[in-house]
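Student: Here it is, the structure in full.
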Amino acid sequence: MSNKNNRFGPDKFKVVDDNRFERSRNTREEKKVKEDLPKILFSFKDFDIKQIPPGQKFEDWQKDKLLAYMLQKFSHICSLNIVEAQQQKVLKIYGNFPPKSDFKFPQHIVDNVKWAVIMDIKGQKGRVAGHVIGNVFYVVFLDKEHRFYITGK
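Take the position in the sequence shown, starting the count at 1, then add 21; the result is the number in my numbering.
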């Protein structure tokens, strides 16, 4: 019997195959955990001033003391990713443009975006409506009267 296979005797610890306990490393695709997802960013490049009313101007929100609340909400949301924002119910993604809305689909926005709202800007009615591409929320409408997505409530 060779020493390599001999598990007994004085050399039992000397003859060890160094690779026999090796494990394969980095062989599986890891799922992205929510901490790895990028944080939400905001853009105002698609803001639609042609639909005021039913939407409002920034000056209107400033006069009604909503603008500061909106910026505080945005500051908090920028520390979250999309999954966390939805879990905390500050972001609701609808997908398609709402079937019942006082707003019209803006001509300057492509058809295949995911429409969404930032909810509860100083009370239940206040909303910021827009669309999401990746981790960027594009602000399109200021909606203090909840007229973007009209429900039967």
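Don't be surprised by glycine CBs; every beta carbon is placed ideally from N, CA and C.
Quantities reported herein were computed from a predicted structural model and do not represent experimental measurements.
(1) Rank G173, G144 and I61 by C-alpha distance to the C-alpha of L88 and give the top, closest one.
(2) Is it right to say H129 is buried, meaning 16 or more other beta carbons lie within 10 angstroms of its own, or is it exposed?
(3) How would you write the range of the alpha helix (DSSP H) that H97 sits in, first residue to last?
(4) Tell me whether I130 sits in a helix, a strand or coil according to DSSP, three-state version.
(5) Quick one, which of F169, S64, S122 and G173 has its alpha-carbon nearest R92's?
(6) Suppose contacts are defined by Cβ-Cβ distances below 8 Å. Is V161 in contact with G147 by that definition?
(7) From the DSSP output, in three-state form, read off D81 for me.
(8) Does DSSP put M22 in a helix, in a strand, or in coil?
(9) Looking at F169: is its Cβ nearer than 8 Å to the Cβ of V138?
(10) Between D132 and G76, which are expected to be in contact by the criterion C-beta below 8 Å, what is the C-beta distance as a whole number of angstroms?
(11) Starting from I103 and walking both ways along the beta strand (DSSP E), at which residues does that stretch end?
(12) Assuming contact is defined by CB atoms lying nearer than 8 Å, are V134 and I142 in contact in what I supplied?
(13) Measure the alpha-carbon distance for N102 versus G155 and round it to whole angstroms.
(14) By the 10 Å Cβ neighbour count, where 16 or more other Cβ atoms means buried, how is L57 classified, buried or exposed?
(15) In angstroms, rounded to a whole number, what distance separates the CA positions of S122 and I171?
(16) By alpha-carbon positions, which one of D85, V111 and F124 ends up nearest to S96?
Tutor: According to the data block:
(1) The residue given as residue 88 occupies position 67 in the sequence shown. Here the closest residue by C-alpha is G144.
(2) Working through the sequence shown from its first residue, we reach residue 129 at position 108. Classification for H129: exposed.
(3) Walking along the sequence shown from the start, residue 97 turns up at place 76. Counting along the chain, the alpha helix (DSSP H) containing H97 begins and ends at L88 to I98.
(4) Here residue 130 is taken as the residue at index 109 of the sequence shown, counted from 1. Reduced to three states, the DSSP call for I130 is coil.
(5) Within the sequence shown, the letter at position 71 stands for residue 92. It is worth fixing the name first, because residue 92 is Leu in this sequence and not Arg. It is S64.
(6) Numbered from 1 along the sequence shown, position 140 holds the residue referred to as residue 161. Numbered from 1 along the sequence shown, position 126 holds the residue referred to as residue 147. No, these two residues do not count as a Cβ contact at 8 Å.
(7) The sequence position of residue 81 within the sequence shown is 60, counting from 1. D81 falls in the helix class under three-state DSSP.
(8) Locating residue 22 in the sequence shown gives position 1, counting from the first residue. With a pLDDT of 49 at M22, under the threshold of 50, the modelled position of that residue is not reliable, and no figure is offered here.
(9) Within the sequence shown, residue 169 is the residue found at index 148, counting from 1. Within the sequence shown, residue 138 is the residue found at index 117, counting from 1. Going by C-beta atoms, F169 is nearer than 8 Å to V138.
(10) As a position in the sequence shown, residue 132 is number 111, starting the count at 1. As a position in the sequence shown, residue 76 is number 55, starting the count at 1. That belief does not hold up - the Cβ atoms of D132 and G76 are roughly 20 Å apart, past 8 Å.
(11) Mapped onto the sequence shown, residue 103 falls at position 82. From DSSP, I103 is part of no beta strand (DSSP E) but of the alpha helix (DSSP H) over I103 to Q108.
(12) Counting from 1 along the sequence shown, the entry for residue 134 is found at position 113. Counting from 1 along the sequence shown, the entry for residue 142 is found at position 121. Not in contact: V134 and I142 (Cβ atoms no closer than 8 Å).
(13) Position 81 of the sequence shown holds residue 102. Position 134 of the sequence shown holds residue 155. Cα-Cα distance, rounded: 10 Å.
(14) The residue you call residue 57 lines up with position 36 of the sequence shown. With the sequence shown as reference, residue 57 is identified as Asp, and Leu is not the correct amino acid for it. So D57 ends up on the exposed side.
(15) Locating residue 122 in the sequence shown gives position 101, where the first residue counts as 1. Locating residue 171 in the sequence shown gives position 150, where the first residue counts as 1. Roughly 6 Å separates the two Cα atoms.
(16) Reading the sequence shown from its first residue, position 75 is the one you call residue 96. Among D85, V111 and F124, the Cα nearest to that of S96 is on V111.
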